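Q:
Residue numbers (UniProt numbering): 1 to 532.
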């Protein structure tokens, strides 16, 4: 990243590519003359209208296209179709993502199409299912590798002959031969890699991996960056310095990349009713967000049919974050825990898609991690270190446990349930003090931030905050709540204090009002809970 930023800094304006000028805001993108339906013959006939529209838009865009993929809208399927269409047009493509998992996900989906694809990256970090497409494996199995193997064998033979001879003169001759062979081996290996990379129509790498020596002199017609809302802009520039066209895919209305930086804390206070900061100079501002601010919605297409959530779960995020544009696909709109592909009893806890346990009244107070004994212990090594200034809510944790117990008693498998919370101290309490994972093997516990991009049949969200001052803290971050409420497929159970949470922001107030009006509303009694 540093090298890329230095190169950008030293570049003069006359050296910028057309794409770079648009990314800097010096030029505006060429208006799109979109292809008609007849001009694009889709490989995947199951794509919905918004996915087809996004593919056609990305094909027709000359310099830059943004594919906005809200949760569960089939963004990866859309990208696979786009890659196949670009290949059909004889274009060469570099596909990148901020993490190995994001890149491997695309390799797995591309593999069945039997394309000449090449995955760059250390084999130890790749999923086993994509290893056959990795550069390391291909350099050992391709035709070009046979000459390299022959040189390697000759080197090994020479190495063995050194041990057998005691004559110093003969040894010197062998060492000289070894030196020449090593040089030849390096050159042959380099040539082999160059042949493989040069012959691949689709190359896939992490954003950092795109800066490796293997791609130093390679040219691509299109660079596609998946999970662009999770990538630092400085990362994105690594493959973009000489790119001609860019397609970004992601969701800027979910959490940006995690940045732990003291200077970033000193940024200007942002408007709490607006999820986007007014200050665009921080590392949290992604390239995707910046381009939308710079060039407006004309450079993007949004996927609108979602295949994850029950319609009731989807309704609030759609209205509050996505201009009411999301539509639940027919197969998922009314699915419940009772319609899982295994027997689940029809109970008050399983027949509802949206449940809100409102702990208002002060009987479920939060506690700060600093209130508890500091320092780790054998049972919970994180106590007192990672949990400093975090919040927990032991009474609310009992509610979480009660609901999970009810679901499992009704027949829902533990591995189909996730419990998430924005606070690490609450996560620690649920895991260690309450022993939730021990009691229900297979259940998944995690932070909201860590669960981005994931999904489960049932998700319990513990909001934690409940105090006399009515302070909601960083719950006010809309994108964090958007992640939390869009993880479940069949049931979302939110547990929290509507009086405290509703004061955090206008967004939280509207969510509390929505839950009170639309969810199966419950007012738990702490005495009954402690008794049970």
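Built from N, CA and C at the ideal position, the CB exists for glycine as well. All values derive from a computational prediction rather than experimental measurement.
What are the residues that DSSP puts in a beta bridge with residue 356?
A: DSSP lists 494, 521 as partners of residue 356.
Q: Go through its chain and collect everything with a Cβ distance to residue 363's Cβ below 6 Å, but skip five positions before and after it.
A: Closer than 6 Å at the Cβ level, and outside the excluded window around residue 363, lie 526.
Q: Cα separation between residue 518 and residue 354?
A: In a straight line, the C-alpha of residue 518 is about 8 Å away from that of residue 354.
Q: Name the residue from 412, 367, 302 whose alpha carbon lies nearest to the alpha carbon of residue 336.
A: If we check each option's Cα against that of residue 336, 412 comes out closest.
Q: Less than 6 Å between C-beta atoms, sequence neighbours within five positions excluded: which residues of the same chain meet that for residue 275?
A: Only weak support exists for where residue 275 lies, its pLDDT of 41 falling under 50; the coordinates are left without a value.
Q: Would you identify the three-state DSSP class for residue 276, choosing helix, strand or coil?
A: In this prediction, residue 276 has a pLDDT of 42, which is less than 50 and means its spatial position is unreliable; what the coordinates show is noted afterwards. In this structure, residue 276 counts as coil in the three-state DSSP scheme.
Q: For residue 54, which residues of its own chain have a beta-carbon under 7 Å away from its beta-carbon, when the five flanking residues on both sides are left out?
A: Excluding residues within five positions, the ones whose Cβ falls inside 7 Å are 67, 78, 301, 303.
Q: For residue 450 and residue 115, I'd like the C-alpha separation in whole angstroms.
A: Distance between the alpha carbons of residue 450 and residue 115 is about 33 Å.
Q: Taking C-beta to C-beta, are residue 202 and residue 83 nearer than 8 Å?
A: Yes. Within cutoff.
Q: Which value, in whole angstroms, describes the spacing of the CA atoms of residue 487 and residue 220?
A: Taking the straight line from one Cα to the other gives about 35 Å.
Q: Using DSSP's beta-bridge definition, name the partner residues of residue 302.
A: DSSP lists 68 as partners of residue 302.
Q: Short of 6 Å in beta carbon distance, which residues of its chain neighbour residue 73, apart from the five on each side in sequence? Order them along the chain.
A: So the qualifying residues of the chain are 303, 306.
Q: Whole angstroms is fine: what's the gap from residue 534's alpha carbon to residue 395's?
A: No answer is possible for residue 534: the residues shown for the chain start at 1 and end at 532.
Q: Whole angstroms are fine: how far does the CA of residue 467 sit from the CA of residue 500?
A: So the two alpha carbons sit approximately 7 Å from each other.
Q: For residue 438 and residue 414, I'd like the C-alpha separation in whole angstroms.
A: Each residue's alpha carbon lies about 11 Å from the other.
Q: Assuming residue 205 is part of the beta strand (DSSP E), what are its boundary residues?
A: Taken as a continuous stretch (DSSP letters only), the beta strand (DSSP E) holding residue 205 covers 202-206.
Q: Which whole runs of the alpha helix (DSSP H) in the segment 229-257 are 4 residues long or more, in chain order?
A: Taking only runs of at least 4 residues, the alpha helix (DSSP H) segments lying wholly in the segment 229-257 are 233-240.
Q: My guess is that residue 110 and residue 80 are in contact by the Cβ rule of under 8 Å, so how many angstroms apart are they, rounded?
A: The pair is a contact, with the Cβ atoms about 6 Å apart (cut-off 8 Å).
Q: Could you give the first and the last residue of the continuous alpha helix (DSSP H) run that contains residue 397?
A: Unbroken alpha helix (DSSP H) run through residue 397: 394-409.
Q: Taking C-alpha atoms, which residue in 63, 318, 330, 204 lies nearest to residue 245?
A: That would be 63, whose Cα lies nearest to the Cα of residue 245.
Q: Identify every residue that forms a DSSP beta bridge with residue 535.
A: The first residue shown for the chain is 1 and the last is 532, placing residue 535 beyond what the model contains.
Q: For residue 240, which residues from the same chain have a beta carbon less than 8 Å from its beta carbon, with the 5 sequence-adjacent residues on both sides left out?
A: Only 19, 20, 23, 223, 246 meet the Cβ criterion.
Q: Identify every residue that forms a DSSP beta bridge with residue 97.
A: According to DSSP, which records beta bridges pairwise, residue 97 is partnered with 206.
Q: How is residue 513 classed by DSSP in three states: helix, strand or coil?
A: Helix at residue 513.
Q: Mind checking which residues open and close the beta strand (DSSP E) that includes residue 119?
A: Run containing residue 119: 117-119, per the beta strand (DSSP E) assignment.
Q: Quick check on residue 324: does DSSP put it in helix, strand or coil?
A: If DSSP states are grouped into helix, strand and coil, residue 324 belongs with coil.
Q: What is the C-beta distance between residue 401 and residue 436, in whole angstroms, given that I count them as a contact (C-beta under 8 Å)?
A: With a Cβ gap of about 6 Å, residue 401 and residue 436 count as contacting.
Q: Looking at residue 462: is its Cβ nearer than 8 Å to the Cβ of residue 404?
A: Not in contact: residue 462 and residue 404 (Cβ atoms no closer than 8 Å).
Q: Is DSSP giving residue 368 helix, strand or coil here?
A: If DSSP states are grouped into helix, strand and coil, residue 368 belongs with the strands.
Q: Take residue 309 and list the residues in its own chain whose beta-carbon comes closer than 7 Å to its own, dropping the five residues that flank it on each side.
A: So the qualifying residues of the chain are 72, 328, 332, 486, 488, 489.
Q: Going by DSSP, what residue range makes up the beta strand (DSSP E) through residue 461?
A: Unbroken beta strand (DSSP E) run through residue 461: 456-462.
Q: What span of residues does the alpha helix (DSSP H) with residue 40 cover, start to end?
A: First-last for residue 40: undefined, no H or E at that position.
Q: Take residue 397 as the anchor and find which of 40, 211, 496 has the nearest alpha-carbon.
A: Closest by alpha carbon: 496.
Q: If I follow the unbroken beta strand (DSSP E) through residue 223, where does it start and stop?
A: Start and end: 222-225.
Q: Would you mind stating whether residue 421 and residue 459 have Cβ atoms separated by less than 8 Å?
A: The answer is no: Cβ separation not under 8 Å.
Q: Tell me whether residue 350 is buried or exposed, calling it buried when 16 or more other Cβ atoms sit within 10 Å of its Cβ.
A: By the neighbour-count rule (16 or more Cβ atoms within 10 Å), residue 350 is buried.
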